[in-house]
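Engineer: Numbering (the working numbering), first residue to last: 17 to 368. The structure that follows is given in the form of structure tokens.
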């Protein structure tokens, strides 16, 4: 049986075991949602809710999740968790490894706000990251070409930098890292001016168009982006979608297969140019696939375990990436967002 955990951590452990045991998706989601609710509570509010027996009045917390929270808050191992660990004892070591890996992460390098296609203001995203124990979070709203995602023009990005600077003064020592998820053009150029890219803390470069291009063309396109000295992280490299997802204004995006490219060439270039490969934790992406992630490990890549979060609760999705990292033998020391902010920023500035 595990040692007692804080309430949110206990809920996430339950969700992990349920998912690995192939329990229904809605049951897994219930515990992950409850963990996100607990993480977002102001200081003292959980105590008050338990004392006044109003915990289940909170949206996202039901009788089962509420009971687990109360027991964990009292310093006990929740009964539900204890039963799971007894029933699925073979999964416990993996759960321990994932929890240890997750605890090594200091931040998230791919998030979106309502400045592009996210649903929440920058401050709310930052406060949710603080509640999760992060030391920093990179704000990486979309670049101009991605108009469907309300990509930021150079002028809007300039204004965002001022907003982030003001918030950082208020939220210190927590830090919002300035950044962008930069679209990769067909010729491999990045979708923003060199001057602005040089001012940002973190640049995630991703392909969002012509995803069914021939392998040779896609490979050349991605190689050019990886070699760009401004690129720090190669985002969701295959572009796959495993399940449908809702977009802005009611659009629905269908599942899509992986883009074709020479993975060995791309990951080799990432090693050569010091570009991290993103382990994208969004449930509909989980990108790269395990076989490609294993190849990137074998070739010696560095990684960033990111959520690609578009809402505060999605910042808790990092566990998905941690599971995949553990499965493929990723060394936490090679994950750039396990590094302190100063070390990370020295690395991102190194090639510029």
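Cβ atoms here follow ideal geometry from the backbone N, Cα and C, with glycine treated the same way. Just so you know, these numbers come straight off a predicted model, no measurement behind them.
With residue 313 as the anchor, note down where its alpha helix (DSSP H) starts and where it stops.
Structural biologist: Element bounds for residue 313: 306-315.
Engineer: Please state whether the Cβ-Cβ distance between residue 304 and residue 253 is less than 7 Å.
Structural biologist: Closer than 7 Å, so yes.
Engineer: Between residue 81 and residue 50, how many whole angstroms is the CB-CB distance? I'm expecting something under 8 Å.
Structural biologist: The Cβ separation is near 4 Å, so the contact holds.
Engineer: For residue 213 and residue 219, which I take to be in contact (beta-carbon distance under 8 Å), what is that distance rounded to the nearest angstrom?
Structural biologist: Their Cβ separation, rounded to whole angstroms, is 6 Å, which keeps residue 213 and residue 219 in contact under 8 Å.
Engineer: Mind checking whether residue 289 and residue 243 have CB atoms under 7 Å apart?
Structural biologist: Yes.
Engineer: Under a three-way DSSP split, which group does residue 202 fall into?
Structural biologist: Note: residue 202 maps to coil in three-state DSSP.
Engineer: Taking 6 Å as the limit between beta carbons, can you name the residues of its chain near residue 324, skipping five residues before and five after?
Structural biologist: Here the set comprises 126, 296 and 298.
Engineer: Please list the segments of the beta strand (DSSP E) lying wholly inside the segment 117-185, counting only runs of 3 or more residues, in order along the chain.
Structural biologist: Fully enclosed beta strand (DSSP E) runs of 3 or longer: 123-127 and 152-155.
Engineer: Roughly how many angstroms lie between the CA atoms of residue 116 and residue 84, to the nearest whole one?
Structural biologist: Residue 116 and residue 84: Cα-Cα distance of roughly 21 Å.
Engineer: What three-state label does DSSP hand residue 346 in the structure shown?
Structural biologist: Of the three classes helix, strand and coil, the one that applies to residue 346 here is coil, per DSSP.
Engineer: Flag this pair as yes or no: are the beta carbons of residue 247 and residue 241 separated by less than 7 Å?
Structural biologist: Result yes, Cβ atoms of residue 247 and residue 241 sit closer than 7 Å.
Engineer: Out of 363, 346, 317 and 361, which has the shortest C-alpha to C-alpha gap to residue 120?
Structural biologist: Out of 363, 346, 317 and 361, 346 has the C-alpha closest to the C-alpha of residue 120.
Engineer: Can you tell me whether residue 222 is helix, strand or coil according to DSSP?
Structural biologist: If DSSP states are grouped into helix, strand and coil, residue 222 belongs with the strands.
Engineer: Buried or exposed: which applies to residue 233, given that a residue is buried once 16 or more other Cβ atoms fall within 10 Å of its Cβ?
Structural biologist: With fewer than 16 other Cβ atoms within 10 Å, it is exposed.
Engineer: Nearest CA to the CA of residue 76: which residue from 134, 137 and 52?
Structural biologist: Among 134, 137 and 52, the Cα nearest to that of residue 76 is on 52.
Engineer: Can residue 317 and residue 293 be called in contact, C-beta distance under 7 Å?
Structural biologist: Contact flag set, yes.
Engineer: Alpha carbons only, please: which of 216, 310, 96 and 153 is nearest the one belonging to residue 4?
Structural biologist: Shown here, the chain extends from 17 to 368; a query on residue 4 therefore has no answer.
Engineer: Is residue 43 closer than 7 Å to residue 34 when the C-beta atoms are compared?
Structural biologist: Yes. Within cutoff.
Engineer: Between residue 138 and residue 179, which are expected to be in contact by the criterion C-beta below 8 Å, what is the C-beta distance as a whole number of angstroms?
Structural biologist: Indeed, because the Cβ distance is near 6 Å, the residues count as touching under 8 Å.
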